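Participant: To start, I am sharing the structure in question, which I have written as structure tokens.
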Amino acid sequence: MRFTAVTLFPELVQAACGFGIMGRALARGLWALDVVNPRDFAHDAHRTVDDRPYGGGPGMVMMAPPLAAAIAAAREGQRRAGCASVRVVHLTPAGVPLTHVRVAAMAAGLDAGYVLLAGRYEGVDERLVAREIDEEIAIGDFVVSGGELPALMLMDAVVRLLPGATNEPASVEQESFADGLLDTPHFTRPEVWQGEAVPEVLLSGNHAAIARWRRMQALGRTKARRPDLFAAVELSAEDRRLLAEYGQCETAQAPRGARDGGDAQRRGDADDKAGTTSATPTSLPRTSERKEQA
Ligand SMILES: C[S@@+](CC[C@H](N)C(=O)[O-])C[C@H]1O[C@@H](n2cnc3c(N)ncnc32)[C@H](O)[C@@H]1O
5 MRFTAVTLFP ELVQAACGFG IMGRALARGL WALDVVNPRD FAHDAHRTVD DRPYGGGPGM
65 VMMAPPLAAA IAAAREGQRR AGCASVRVVH LTPAGVPLTH VRVAAMAAGL DAGYVLLAGR
125 YEGVDERLVA REIDEEIAIG DFVVSGGELP ALMLMDAVVR LLPGATNEPA SVEQESFADG
185 LLDTPHFTRP EVWQGEAVPE VLLSGNHAAI ARWRRMQALG RTKARRPDLF AAVELSAEDR
245 RLLAEYGQCE TAQAPRGARD GGDAQRRGDA DDKAGTTSAT PTSLPRTSER KEQA
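Dropping the structure here:
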């Protein structure tokens, strides 16, 4: 797996790739990173890569000629490095939202190469997109200042799925989205914190019961928080039983922050109108409620 970032800030990308799982996987040779700066392909003394937009309006637009030359150099570098395929990806808010499915497909092509074009300013000349770009990806319905962080997020998401990148492969298989569901809640020591105890089942040592509880939590949370994901889940008879059980003992419907703003706020409001939500942020009943249940 080889990524080449085409960016005006190569040091930013290189620096961020040196940490944690990404950094270790890079050191072990599980993936490779190259950077190409479009300024190296500008033709004037100021190394200009942007100009004012035709038609007027605010901001600047990245010019096609230096970007095309930078992408050509990136492609050539990937070919020379032996990549079986080279795909040019433009990070842009106008792209297809990035999902686990796309990330996993990218991670499956171990000898593939990706050139990641990180825009700046108002974006890049659309003619460059039409000629050079194979795929456009967005990392969310919001705008950041440049494509470097989106490119890093894409690389991080792919690299952590590469064989050998994580010490415990099972951990990535059990994470949110891997099986179409959100992750289960996690707990660690201390066993009781601020009067709140860890769910008893997690202390039971009964692996089947723990697995069942975790599946119930993942199903219940996904249904409550991400109905869009939940709609695509094929439920078994046991899943339906778990959901019914979750509905009986759970009070939490919305993620933490639902009271503060954002999409979760809107979901929370909708739930309020339906009379189904609670302000309880955790997926566990409060200690007092658990005592009452006991
Ligand atoms: C300030 S943004 C340009 C935003 C653009 N004028 C728009 O309204 O869609 C500069 C660059 O950041 C990157 N970028 C910003 N938000 C992004 C997102 N949600 N997903 C992927 N890339 C993004 C793109 O590379 C973009 O060219």
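Residue numbers (my numbering): 5 to 298. A virtual CB, placed ideally from N, CA and C, is assigned to each residue, including glycine. Predicted, not measured: the structure shown is a model, and the values here were computed from it.
#1: Applying the criterion that 16 or more other CB atoms from any shown protein chain within 10 Å of the CB defines a buried residue, is Thr52 buried or exposed?
#2: Quick check: Phe7 and Met157, are their CB atoms within less than 8 Å of each other?
#3: Check whether the Cβ atoms of Val93 and Ile141 sit closer than 8 Å, and answer yes or no.
#4: Check whether the Cβ atoms of Val133 and Ala78 sit closer than 8 Å, and answer yes or no.
#5: Do the CB positions of Leu185 and Val105 come within less than 8 Å of each other?
#6: I think Glu136 touches Ile75, with their Cβ atoms under 8 Å apart; what is that distance to the nearest whole Å?
#7: So, at 8 Å on beta carbons, what are the nonlocal neighbours of Glu139 in its own chain, with the 5 sequence-adjacent residues on each side left out?
#8: Report whether the distance from the Cβ of Phe146 to the nearest heavy atom of ligand 1 is below 7 Å.
#9: Closer than 7 Å: is that where the CB of Glu130 sits relative to any heavy atom of ligand 1?
#10: Quick check on Tyr58: does DSSP put it in helix, strand or coil?
#11: Under 8 Å, with one C-beta from each stretch per pair, do the stretch 125-132 and the stretch 57-75 reach the 3-pair mark?
#12: What's the C-alpha gap between Pro69 and Ala46?
#13: Under three-state DSSP, which class holds Pro101?
#14: Please state whether DSSP places Ala182 in a helix, a strand or coil.
#15: Assuming Val10 and Leu102 are in contact, meaning their beta carbons sit under 8 Å apart, how far apart are those beta carbons, in whole angstroms?
#16: Work out the CA separation of Val147 and His190 for me, nearest whole Å.
#17: Is Phe234 helix, strand or coil by DSSP?
#18: Do the CB positions of Met64 and Trp35 come within less than 8 Å of each other?
#19: Do Asn41 and Pro62 have their C-beta atoms within less than 8 Å of each other?
#20: Below 7 Å CB to CB, which residues in the same chain sit around Met67 once its five sequence neighbours on both sides are set aside?
#21: Can you give the Cα-Cα distance for Ala278 and Ala241, rounded to whole angstroms?
#22: Got a sec, what are the start and stop residues for the beta strand (DSSP E) Glu139 sits in?
#23: Which one of Ala109, Cys21, Gly81, Arg28 has the shortest CA to CA distance from Ala169?
#24: Any heavy atom of ligand 1 closer than 7 Å to the Cβ of Thr11?
#25: Mapping the DSSP letters down to three states, classify Asp38 as helix, strand or coil.
#26: Helix, strand or coil: how does DSSP classify Arg106 here?
#27: Please identify the residue among Phe234, Ser208, Leu206, Thr192 whose C-alpha is closest to the C-alpha of Ser180.
#28: Restricting to Cα atoms, I'd like to know which of Ala174, Thr96, Ser175 is closest to Gly144.
#29: Where does the unbroken alpha helix (DSSP H) through Leu223 begin, and where does it stop?
Facilitator: Taking the geometry as given:
#1: exposed
#2: no
#3: At the C-beta level, Val93 and Ile141 come within 8 Å of one another.
#4: No. Outside cutoff.
#5: no
#6: 5 Å
#7: So the list reads Arg91, Val92, Val93, His94, Gly99, Val100, once near-sequence residues are dropped.
#8: yes
#9: no
#10: coil
#11: yes
#12: 8 Å
#13: strand
#14: coil
#15: The pair is not a contact, with the Cβ atoms about 18 Å apart (cut-off 8 Å).
#16: Straight through space, the alpha carbons of Val147 and His190 are spaced by roughly 31 Å.
#17: Note: Phe234 maps to helix in three-state DSSP.
#18: Not in contact: Met64 and Trp35 (Cβ atoms no closer than 8 Å).
#19: no
#20: Val53, Asp54, Asp55, Asp129
#21: Caution is warranted here: a pLDDT of 37 is assigned to Ala278, below 50, making its placement in the model unreliable, and no coordinate value can be reported.
#22: 139-142
#23: The shortest C-alpha separation from Ala169 is found at Arg28.
#24: no
#25: strand
#26: Here Arg106 sits in helix by DSSP.
#27: Measuring from the Cα of Ser180, the nearest candidate turns out to be Phe234.
#28: Selected option, being the one with the closest Cα: Thr96.
#29: 211-229
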